[in-house]
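Student: The structure under discussion is supplied below as structure tokens; questions concerning it will follow.
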């Protein structure tokens, strides 16, 4: 019903989307309540859309509209009497618990880190961060302070949680500053995941890492504290039955995303652009404040990608260089840039791989969530994270790795050399490090040059017939 | 005897000594020449100096780092991956409210003990550990009691000595009124002017210095303050008094001593990284009042988020003026800039407040 005569997959500008939207509507496009033309988000201040190239499918339209209406959704929930929980830092664990209770809605205040980009600094959030002493030497996640202070983006949550311990110093410091400004936080400990000693009881974690059983027990006890707080806030018991049902729903999202990633990253012609894939993966963290809708949005993307793969259609040149991307970009535009210079995303680690791993359903639910929390690639050694990256590089046949630094983020200072060491030891794929600020326009020539050099290097190796070999990979590049 | 290098106050020196190993409290020099990471963008100068020093070769059988800051966590991974010296990363929880995290710290000390045994140490009996703990406790008491007789720099150096080997700890006798030069465990004589014994130092505007760890060259700051007419009466940096463990409870030291050791360190040390970190302000409030501090020098590294984020809160909270001194990795103008700022700060403190018209 949504198909039109202009269904060739392509990345189009916002201006082109106006015509495309009319076409889709004319062809009978059915939209959810939050649907509509993308242009209206620019009128609301999301000016970065004017600089982006977006996928032209109805599924992507729904994805963008879903993403860009989250604030409205949160305000509506608050008005309806739902109770909001701000879940900072854990990236995918506490939200599963919160969504297991019928009257709670979890969201991710750290997500405000993209507002300076999306609103092209029109949000005023960063100056507000400056005003409370958190300047631009910090990660752009400092935007969350401004969002709490000006209350212009999300309603204030009645409960705030934050995982600390083996987490970024910047987020931990910013959250502490937030608390000192009068926003109480339930802190819970996530220890640095270490390798079990030889004689020590150990647990296999989702994603392949291992951890001492004692560490899992500790995290489980910390999640029990979170559980008590959620129950008190919701006025409901978070029983094992409810939590298991919540885990099953979360896994529904994760399974769909796993299928989508597998399909898109391994297809000969790239069926969905990197930008839409980044946003789709992000949905796993807190379901963009609507779990059921997330399931529907990802299902539609999967269907669209499947249709394109079947037709052998893609949004990029078929010889696009297959790049594994590490860390989310502060400026969404850079995902376009990768494709503009002849690359495509084939594998990602946006710092929340654990939010994509399937939560074990054959364990007591809190035990399962403790294991997922400890499976976070960022809470262990960067060498372990790099090992997982290598596994995925092989799995998706990536020909290069880009480590994208986040300005001011504590983990970015030393992680690239570590990741590079491991990747180079296990393959001969090139590793490139770049840094992406929230608005990268001034740096675009530099970023473009570096990415072009990477793409050209890989293509040169192809011409020579050697290609970059990835040990253990089933891919010939 | 093997040496164990460490740089975090959350590593109990008594535990290393009780294993029969020599503790080496790292006082790092800023990276010079062609450092590997110290001047890389975003790297904390202290963490970078540690990595560079360790990769260049620290004379130690092992290095113990902690998780109290993210960059040190990554430094541990880098050293484990690229270095030749065994690295132990001690997990120090950020939260402190629950028995579970206290137990984690205690378990980590036990795990550290196994690491020390692997490096040639011997697992101590309770009596041996208690004896070492009491020796250090007495020494800390003595050094604290001697604070008034020492210059700020001497006191800082004495605190550093307390994090070193046990031999010669008897020099730190509570009954002793110190004069200069002092015989210290390593037989080094103090490079300081002779003063009459038993006469407390007097004069100078009382200042506190607050922040993370200092590099070796940064200790010149203590002298600089004195030359400018001030005196650091409260060293609240990572190597200073702020991070000394609580005195051991004689009633609890026997049952078993490791638990009391964990309590004295984990429960007592106030730091910016703890969540929440209100105890840092409680401790600071008490000490500022007791020592009649008139100004705080807030010393932080560029890229140290944990301390940097406290600056404005500190300014709003502090009953006395706060001077910020930031330090970059390769800032050659730092000494002059630091001197100018400290002098101006002290001049401001000397000037009586003018009534508002």
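Protein chains in written order, with this note's numbering: chain A, 1 to 477; chain B, 478 to 834.
Note that CB positions come from ideal geometry on N, CA and C, so glycine has one too.
Source: prediction; values computed, not measured.
#1: Look at residue 139 (chain A) and residue 382 (chain A) and say whether their C-beta atoms are less than 8 Å apart.
#2: Could you tell me whether any Cβ in chain B is nearer than 8 Å to the Cβ of residue 259 (chain A)?
#3: I need the boundaries of the alpha helix (DSSP H) containing residue 379 (chain A), first residue and last residue.
#4: Can you tell which of B:816, B:535, B:706, B:745 has the C-alpha that lies nearest to the C-alpha of residue 725 (chain B)?
#5: So, is residue 727 (chain B) buried or exposed, given that buried needs 16 or more other C-beta atoms within 10 angstroms?
#6: Less than 6 Å between C-beta atoms, sequence neighbours within five positions excluded: which residues of the same chain meet that for residue 564 (chain B)?
#7: Measure the CB-CB distance between residue 772 (chain B) and residue 735 (chain B) and report whether it falls below 8 Å.
#8: Applying a beta-carbon distance threshold of less than 7 Å, which residues of chain A neighbour residue 546 (chain B)?
#9: Run the CB neighbour count on residue 483 (chain A), radius 10 Å, all protein chains shown included, and call it buried at 16 or more, exposed below.
#10: Provide the residue(s) that pair with residue 105 (chain A) in DSSP beta bridges, ordered along the chain.
#11: Residues of chain A with a CB under 9 Å from the CB of residue 785 (chain B): which are they?
#12: Exposed or buried, which one is residue 476 (chain B) when buried takes at least 16 other CB atoms within 10 Å?
#13: So, helix, strand or coil for residue 212 (chain A), using DSSP?
#14: If we ignore side chains and look at the alpha-carbon of each, how far apart do residue 102 (chain A) and residue 412 (chain A) end up?
#15: Please go through the region 750 to 825 of chain B and give each complete alpha helix (DSSP H) segment of 4 or more residues, from N-terminal end onward.
#16: Indicate the three-state DSSP secondary structure (helix, strand or coil) for residue 157 (chain A) in the structure shown.
#17: Any C-beta of chain B within less than 7 Å: which residues of the region 199 to 216 of chain A qualify?
#18: Just verifying my parser: in three-state terms, what is the DSSP assignment at residue 461 (chain A)?
#19: Classify residue 654 (chain B) as buried or exposed, calling it buried when 16 or more other Cβ atoms lie within 10 Å of its own Cβ.
#20: Going along the region 409 to 421 of chain A in order, which residues come within less than 8 Å of chain B, judged by CB to CB distance?
#21: Please report how far the alpha carbon of residue 703 (chain B) lies from the alpha carbon of residue 154 (chain A), in whole angstroms.
#22: Is there at least one Cβ from chain A nearer than 8 Å to residue 571 (chain B)'s Cβ?
#23: Taking all protein chains shown into account, do 16 or more other C-beta atoms lie within 10 angstroms of the C-beta of residue 187 (chain A), making it buried, or fewer, making it exposed?
#24: Count the CB pairs spanning the region 86 to 98 of chain A and the region 369 to 376 of chain A that are closer than 8 Å, and state whether there are at least three.
#25: Step through the CB atoms of chain A and report whether any lies within less than 8 Å of the CB of residue 752 (chain B).
#26: Just to confirm, are residue 547 (chain B) and residue 168 (chain A) a CB contact at a threshold of 8 Å?
#27: Can you tell me where the alpha helix (DSSP H) with residue 412 (chain A) in it begins and where it stops?
#28: Applying a beta-carbon distance threshold of less than 8 Å, which residues of chain A neighbour residue 552 (chain B)?
#29: Determine the chain B residues that contact residue 222 (chain A) at a beta-carbon separation under 9 Å, and present them in chain order.
#30: Compare the C-beta of residue 143 (chain A) with all C-beta atoms of chain B and state if any pair is closer than 8 Å.
#31: Rounded C-beta distance between residue 88 (chain A) and residue 160 (chain A)? I'm assuming under 8 Å.
#32: Could you tell me which whole alpha helix (DSSP H) segments of length 4 or greater appear in the region 9 to 88 of chain A?
#33: Please report the distance separating the alpha-carbon of residue 142 (chain A) from that of residue 279 (chain A).
#34: So, for residue 550 (chain B): in the same chain, excluding its five sequence neighbours on each side, which residues have a beta-carbon less than 6 Å away from its beta-carbon?
#35: Where residue 688 (chain B) and residue 165 (chain A) are concerned, what is the direct C-alpha to C-alpha distance, given to the nearest angstrom?
#36: Since residue 305 (chain A) and residue 263 (chain A) are thought to touch, with beta carbons under 8 Å apart, how far apart are those beta carbons, to the nearest angstrom?
Tutor: Concretely, from the data shown:
#1: Here the question's residue 139 (chain A) lines up with position 139 in the first chain. Here the question's residue 382 (chain A) lines up with position 382 in the first chain. It is not a contact, given that the beta carbons lie outside the stated cut-off.
#2: In the first chain, residue 259 (chain A) corresponds to position 259, counting from 1. Chain B contact via Cβ: absent.
#3: Translated into positions along the first chain, residue 379 (chain A) becomes position 379. For residue 379 (chain A), no alpha helix (DSSP H) run applies, since DSSP gives it neither H nor E.
#4: Your numbering for residue 725 (chain B) matches position 248 in the second chain. Residue 725 (chain B) has its Cα closest to that of B:745, out of B:816, B:535, B:706, B:745.
#5: Working through the second chain from its first residue, we reach residue 727 (chain B) at position 250. Flag for residue 727 (chain B) reads exposed.
#6: Here residue 564 (chain B) refers to the residue found at position 87 when the second chain is read from its first residue. The answer, listed in chain order, is 540, 553, 556, 557.
#7: Taking the second chain and counting its residues from 1, one reaches residue 772 (chain B) at position 295. Taking the second chain and counting its residues from 1, one reaches residue 735 (chain B) at position 258. Their beta carbons are not under 8 Å apart, which means residue 772 (chain B) does not touch residue 735 (chain B) by this criterion.
#8: One-based indexing of the second chain puts residue 546 (chain B) at position 69. Within chain A, the residues near residue 546 (chain B) are 169.
#9: What is shown of chain A runs 1 to 477, which leaves residue 483 (chain A) out entirely.
#10: Stepping through the first chain from its first residue, residue 105 (chain A) is reached at position 105. Paired residues: A:84.
#11: Taking the first residue of the second chain as position 1, residue 785 (chain B) is located at position 308. Chain order gives the chain A residues near residue 785 (chain B) as 133, 134, 135, 137, 138, 173, where near means a beta carbon separation below 9 Å.
#12: The structure shown does not extend to residue 476 (chain B), since chain B is modelled only from 478 through 834, so no value can be given for it.
#13: Taking the first chain and counting its residues from 1, one reaches residue 212 (chain A) at position 212. In this structure, residue 212 (chain A) counts as strand in the three-state DSSP scheme.
#14: Here residue 102 (chain A) refers to the residue found at position 102 of the first chain. Here residue 412 (chain A) refers to the residue found at position 412 of the first chain. Whole-angstrom Cα-Cα distance: 38 Å.
#15: Annotation note: the region 750 to 825 of chain B contains the following uninterrupted alpha helix (DSSP H) runs of length 4 or greater, listed N- to C-terminal: 755 to 767, 782 to 785, 788 to 794.
#16: Looking up residue 157 (chain A) in the first chain gives position 157. Of the three classes helix, strand and coil, the one that applies to residue 157 (chain A) here is coil, per DSSP.
#17: 214
#18: Residue numbering aside, residue 461 (chain A) sits at position 461 when the first chain is read from its first letter. Three-state result, residue 461 (chain A): helix.
#19: As a working mapping, residue 654 (chain B) is identified with position 177 in the second chain. Low per-residue confidence applies at residue 654 (chain B): pLDDT is 42, beneath 50, and the placement is therefore not dependable enough to give any value.
#20: 409, 410, 411, 412, 413, 414, 415, 417, 418, 421
#21: By one-based count along the second chain, residue 703 (chain B) stands at place 226. By one-based count along the first chain, residue 154 (chain A) stands at place 154. Approximately 51 Å, taken between the alpha carbons.
#22: Start at 1 with the first residue of the second chain, and residue 571 (chain B) comes out as number 94. So, interface residue.
#23: For the purposes of this step, residue 187 (chain A) is identified with residue 187 of the first chain, where counting begins at 1. Residue 187 (chain A) should be labelled buried.
#24: yes
#25: The residue labelled residue 752 (chain B) in the question sits at position 275 within the second chain. Answer yes: the Cβ-Cβ gap between residue 752 (chain B) and chain A drops below 8 Å somewhere.
#26: Along the second chain, one-based indexing puts residue 547 (chain B) at 70. Along the first chain, one-based indexing puts residue 168 (chain A) at 168. Their beta carbons are under 8 Å apart, which means residue 547 (chain B) touches residue 168 (chain A) by this criterion.
#27: Translated into positions along the first chain, residue 412 (chain A) becomes position 412. Segment 412 to 426, the alpha helix (DSSP H) holding residue 412 (chain A).
#28: Position 75 of the second chain, counted from the start, is the residue given in the question as residue 552 (chain B). The contacting residues are 414.
#29: For the purposes of this step, residue 222 (chain A) is taken as residue 222 along the first chain, with counting starting at 1. Near residue 222 (chain A) (Cβ distances below 9 Å), the residues of chain B are 572, 575, 577, 578.
#30: By one-based count along the first chain, residue 143 (chain A) stands at place 143. No, its Cβ sits nowhere closer than 8 Å to a Cβ of chain B.
#31: For this step, residue 88 (chain A) is matched to residue 88 along the first chain. For this step, residue 160 (chain A) is matched to residue 160 along the first chain. About 7 Å; that satisfies the 8 Å criterion.
#32: 14 to 26, 39 to 43, 58 to 68, 70 to 80
#33: Position 142 of the first chain, counting from 1, holds the residue named residue 142 (chain A). Position 279 of the first chain, counting from 1, holds the residue named residue 279 (chain A). C-alpha of residue 142 (chain A) to C-alpha of residue 279 (chain A): approximately 20 Å in a straight line.
#34: On the second chain, position 73 is the one that residue 550 (chain B) refers to. Here the set comprises 544.
#35: One-based indexing of the second chain puts residue 688 (chain B) at position 211. One-based indexing of the first chain puts residue 165 (chain A) at position 165. Approximately 20 Å between the Cα atoms of the pair.
#36: To locate residue 305 (chain A), count along the first chain from 1; it is residue 305. To locate residue 263 (chain A), count along the first chain from 1; it is residue 263. Right, the Cβ-Cβ distance comes to about 5 Å (below 8 Å), so this counts as a contact.
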